[in-house]
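When you read off a place in the sequence shown, starting at 1, and then add 15, the result is the number in our numbering.
Built from N, CA and C at the ideal position, the CB exists for glycine as well.
If you're wondering where the values come from, they're calculated on a predicted model, not measured in any experiment.
Working notes, structure below.
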Amino acid sequence: MSNLWRTKPLSQLLSESDETSDGLKKTLSSASLVALGIGAIIGAGLFSITGLAAANYAGPGIMISFVIAAIGCAFAGLCYAEFASMIPVAGSAYTYSYATMGEFIAWIIGWDLVLEYAVGAATVASSWSGYLGKFLESFGVSLPHNLMMTPFDNYIVDGVTHTGLINLPAVFIVSIMSMVLIKGTSESAFVNTLIVILKVAIVIIFIVVGWKYVKAENLTPLIPANTGKFGEYGWSGVIRAAAVVFFAYIGFDAVSTAAQETKDPKKSMPIGIMGSLIICTVLYIIFAYVMVGVVNYKAFTAGGGGDHLAPVAIAIEAMGSVVNGTMVPAYPWLNTTIILAILLGYSSVILVMLMGQSRVFYSMSKDGLLPKVFSEVHKKFRTPYKSNLFFLVFVSLFAAFVPGRVVGEMTSIGTLFAFILVCIGVLVMRKTQPNAPRAFRTPLVPLIPVLGVLVCLGMMVFLPFDTWIRLVCWMMIGLDVYLYRGIRNSYLGKQNNTTGDPKNYTVTAISGIGMTVLLAVLAYLHHQDAEVDDSGLIIFSVAMIVIHAILYGYYYIKYRK
């Protein structure tokens, strides 16, 4: 058997989780994991996407959208909890896939997680910079615009258009969060806990203050009639909004990446995963109720463009009384407080995403699929410091020089894909290793995992074609790396003398050819459906198709028997 489909033995995984002098230090408790999950989940998604999804897709039905998204997360969360209690090892979905579906699927999901963690952290850091500028302006301090924007961003001063130079605040926050992670997981968890307490308090303040301004007419009808176009109000709009606001839930799965650093993972991991998810779901639904209750959902389009603060700001401005025909906000100070909450939310999201990414690469490096440098642990701090430093540089460069435009859908589709594989993994593990010890068992198997797959896949289908195109392109690049390095350096393959098996290359090449065909189909469908000029994306897609058709064809012909 080639090493593509060999699974990593459960006994080997468990032995790696034991704390040793050169391993990761076990410092996290159940409460720390719950805080870690809340820190990753409650971020800018709550403050920005809620209002925009209500305005464009669901209306007051945004509350139902949050419930649908939460159900999908709950199904996946129950599966994550079983794996985390059964395989308390760093690496999250990557490690679980390696134990159930083999190295090839594990590589795909590990590479996919980069979308969720590293790319997501860079994007959040870029947005953090903009909100820092807003916050400082409220105190009369203005930062130079060209030091807060990338070379691809423009800004206007006195009617003259200028170009940005570098997004320095984004580099600053990524560097700070990375250094906190290098210092130690317990210190990171402490900082994250403080941030969580502050931003949850602000969310509760918004709910309490706004509750008395909720008007019944703003909540009627709960689901506005469909405009005649798929996804614009009606039930199709509610489901599309669920796929969009799913971005606001991303993060609870990052708890599982800290399994190897948890004192009692078999007990604490299920509590951390499900506890953080339940708390955030309740807060999200109530927050959405207040937001669409104090002002008509159509008003949230007033913010327009990239001003993601607009939905919350509009709701706060409606919390007051009419004086001489003009609405006078009762709590004007709340806007500045919300900006502070967004800054804190972004910071904790960056912290957890950077932690999750470094732990996934730590596991992949331990398996030989990535260079050894990613699994080297600091002698004093017992953290994968070189991995943290690598992502400090990588994410900082990305945030400093690449525009921080909306890539929430990219992060969402990567995460949904990971959730689907974890749900499938539970089914596989129940079949292949039914007697393995499980401190937590996913209830109603196979119903819960199957529902998890269907709900997550359903939300993926509702995402735009260009998001699928970027996912496929990213996965093709991952196959390139696996073909060039992963196959020949796999420790599992070396143990079984299968690294030279031609099947490793032919199966990977055939998978790549399949992705090339899929990319061609997606590019065609996107072009047919596009309402704006998509020539740039089409040219890029064609280049990817041509280059990889040649590359995968070469590997297939060379190693075919």
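Give the straight-line distance between the Cα atoms of residue i and residue j, rounded to the nearest whole angstrom.
i	j	result
M284	I294	15 Å
S373	G148	29 Å
T65	K573	51 Å
Y567	S80	41 Å
A89	A137	27 Å
F416	K282	43 Å
T296	T341	35 Å
V186	I357	17 Å
V460	M379	29 Å
E34	K278	Since pLDDT at E34 reaches only 49, below the 50 mark, its modelled position is unreliable, and the value read off the structure follows with that caveat. Taking the straight line from one Cα to the other gives about 10 Å.
L533	F262	25 Å
V259	A558	29 Å
A85	M164	35 Å
P159	I124	40 Å
S30	S390	16 Å
V305	W226	6 Å
R485	L537	10 Å
L472	F455	25 Å
L162	L183	6 Å
E152	G145	11 Å
G290	R255	26 Å
Y570	I562	13 Å
M116	I219	43 Å
A216	S505	47 Å
G246	D548	21 Å
H541	F477	14 Å
L292	W122	27 Å
S26	S112	15 Å
Is the beta carbon of residue i sitting closer than 8 Å to the one on residue j?
i	j	result
V49	I286	yes
G335	I57	no
V468	I435	yes
I579	L28	Coverage of the chain is limited to positions 16 through 576, which leaves residue 579 absent and any answer about it impossible.
S142	F406	no
W368	L431	Rather than Trp, the amino acid found at residue 368 in this sequence is Met. Not in contact: M368 and L431 (Cβ atoms no closer than 8 Å).
I577	V82	Beyond the ends of the chain as shown, which are 16 and 576, falls residue 577; an answer cannot be given.
V253	A73	yes
F150	L355	yes
Y497	T531	no
F396	G87	no
S45	V211	no
V398	I197	Here the sequence assigns Thr to residue 398, which means Val is not the residue at that position. Contact flag set, yes.
V224	Y346	yes
Leaving aside the five residues before and after residue i along the sequence, list all residues of the same chain whose C-beta is less than 7 Å from its C-beta, in chain order.
i	result
L507	N18, R21, K23, E118 and D382
R310	Note on residue identity: the sequence assigns Val, not Arg, to residue 310. The answer, listed in chain order, is N233, I329, A330 and A333.
S526	L494
V338	none
For residue i, which option in the options has the closest C-alpha, if you only look at C-alpha atoms?
i	options	result
K214	A136, T351 and I171	T351
P344	E247, Y228 and T277	Y228
A314	S141, N233 and F62	N233
A535	L494, A564 and V547	A564
T110	F432, A84, F376 and I217	F376
H393	N403, H542, T482 and G155	N403
F154	M490, W348 and P326	W348
S190	A545, G199, Y520 and A140	A140
G440	V410, V175, A114 and S362	A114
Y312	I217, S26, L466 and I77	I77
G529	A545, G246 and M491	M491
Y520	R575, I562 and L466	R575
C488	I560, S505 and L298	I560
L209	G54, P326, P386 and Y539	G54
T426	L384, I265, Y248 and P399	I265
F62	V408, D544 and L298	L298
Between residue i and the rest of its own chain, which residues show a CB-CB distance below 6 Å, the 5 nearest in sequence each way excluded?
i	result
V206	V195
E332	P344
T457	L93, C94, E97, V441 and I463
T316	A70
V411	The sequence given here has Ser at residue 411, not Val. Contacts found: V186 and V189.
Ordered along the chain, which non-local residues of its own chain (more than five positions away) have a Cβ less than 8 Å from that of residue i?
i	result
L128	S107, A108, Y109, G371, Q372, V375, G429 and A433
K401	V388, F389 and E391
Checklist entry - Does the pairing of the stretch 237-252 with the stretch 443-451 give three or more beta-carbon distances under 8 Å? => result Note that the stretch 237-252 does not touch the stretch 443-451; fewer than 3 beta-carbon pairs, one per stretch, sit closer than 8 Å.
Item to check | Three CB pairs or more closer than 8 Å across the stretch 131-140 and the stretch 498-505 | outcome: Verdict: no, contact absent.
Checklist entry - Can we say the stretch 449-462 touches the stretch 510-520, given the rule of at least three CB pairs closer than 8 Å? => result Short answer: they don't touch.
Item to check | Stretch-stretch touch, CB-based, cutoff 8 Å, three pairs: the stretch 539-553 with the stretch 480-491 | outcome: Enough Cβ pairs lie closer than 8 Å, so yes.
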